[in-house]
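In this note's numbering, the protein residues as written are 228 to 394. From the three backbone atoms N, C-alpha and C, an ideal C-beta is built for every residue, glycine too. Have a look at the structure below, then the notes.
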């Protein structure tokens, strides 16, 4: 089973109680970069609490992981956990929001590790040797939080030379 980033993160946003995305209370969004994130969050003036935002773009690397001529596709995935801070320049509230978002991001990562161990949701090849994260904000209408990134190597990358593809 291949990892489906959008479906997986939507499920996280729905099931993680501190985010609580529903069809009526939208807390899950997609963007295509930091400019798209800024534009998206500028429109979310009525949101309170935390949101989960994913990058919706294709980035990654192709490589021979174990020097076996077995070339694999390793997509990069990026998600943000963000919280709206009501008062601008309230540094204590901004730091608290970042801590809350880091905690929620770690909850998502711990779920991923658990499901990797159980062989669920296409996370068999989750590379947990390095998962960078960094603070972000203010973004949009005073959202602050943490950005996380990770890779899940596609075990069926279809990186195979086929003579029928060429004239």
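Quiz item: Between 326, 354 and 257, which lies nearest to residue 240 when the distance is taken from Cα to Cα?
Solution: Within the chain shown, the letter at position 13 stands for residue 240. The shortest C-alpha separation from residue 240 is found at 257.
Self-check item: Among 322, 282 and 354, nearest to residue 362 - alpha-carbon criterion
Solution: Here residue 362 refers to the residue found at position 135 of the chain shown. Minimum Cα distance to residue 362 is reached at 322.
Quiz prompt | Selection from 371, 275, 339 and 236 that minimises the alpha carbon distance to residue 319 | solution = The residue you call residue 319 lines up with position 92 of the chain shown. The residue with the shortest Cα to Cα distance from residue 319 is 371.
Exercise. Could you give the DSSP three-state label for residue 394: helix, strand or coil?
Key: What you label residue 394 is simply residue 167 of the chain shown in a count that begins at 1. DSSP places residue 394 in coil when its eight states are reduced to three.
Quiz item: From the DSSP output, which residues share a beta bridge with residue 378?
Solution: Taking the first residue of the chain shown as position 1, residue 378 is located at position 151. 303 and 354.
Self-check item: Assigned secondary structure, residue 342 (DSSP; H/G/I helix, E/B strand, else coil)
Solution: Against the chain shown, residue 342 aligns to sequence position 115. Helix at residue 342.
Quiz prompt | Span separating the alpha-carbon of residue 282 from that of residue 394 | solution = Locating residue 282 in the chain shown gives position 55, counting from the first residue. Locating residue 394 in the chain shown gives position 167, counting from the first residue. C-alpha separation (whole angstroms): 37 Å.
Exercise. Please state whether DSSP places residue 326 in a helix, a strand or coil.
Key: Here residue 326 refers to the residue found at position 99 of the chain shown. Note: residue 326 maps to helix in three-state DSSP.
Self-check item: Helix, strand or coil at residue 277 according to DSSP, with G and I counted as helix
Solution: On the chain shown, residue 277 is found 50 positions in, with the first residue counted as 1. Here residue 277 sits in strand by DSSP.
Quiz item: When the Cβ atoms of the segment 233 to 249 are set against those of the segment 273 to 280, are three or more pairs found closer than 8 Å?
Solution: yes
Practice problem: Report yes or no: do the segment 265 to 274 and the segment 334 to 347 share at least 3 C-beta pairs separated by less than 8 Å? | Solution: Result no; under three Cβ-Cβ pairs closer than 8 Å.
Quiz item: Taking the alpha helix (DSSP H) that residue 254 falls in, what are its first and last residues?
Solution: Stepping through the chain shown from its first residue, residue 254 is reached at position 27. Taken as a continuous stretch (DSSP letters only), residue 254 belongs to no alpha helix (DSSP H), as it is neither H nor E.
Quiz item: Which whole-angstrom value describes the C-beta separation of residue 230 and residue 350, a residue pair presumed to lie in contact below a C-beta threshold of 8 Å?
Solution: One-based indexing of the chain shown puts residue 230 at position 3. One-based indexing of the chain shown puts residue 350 at position 123. So it is a contact: roughly 6 Å between Cβ atoms.
Exercise. Using 10 angstroms around the beta-carbon of residue 310, count the other beta-carbons present and answer buried if the total reaches 16, otherwise exposed.
Key: Taking the chain shown and counting its residues from 1, one reaches residue 310 at position 83. Result: buried.
Self-check item: Inter-residue Cα distance where the pair is residue 249 and residue 357
Solution: Taking the chain shown and counting its residues from 1, one reaches residue 249 at position 22. Taking the chain shown and counting its residues from 1, one reaches residue 357 at position 130. Rounded to the nearest angstrom, the two C-alpha atoms are 31 Å apart.
Practice problem: Rank 341, 308 and 255 by C-alpha distance to the C-alpha of residue 331 and give the top, closest one. | Solution: Indexing the chain shown from 1 puts residue 331 at position 104. It is 308 whose Cα lies nearest to the Cα of residue 331.
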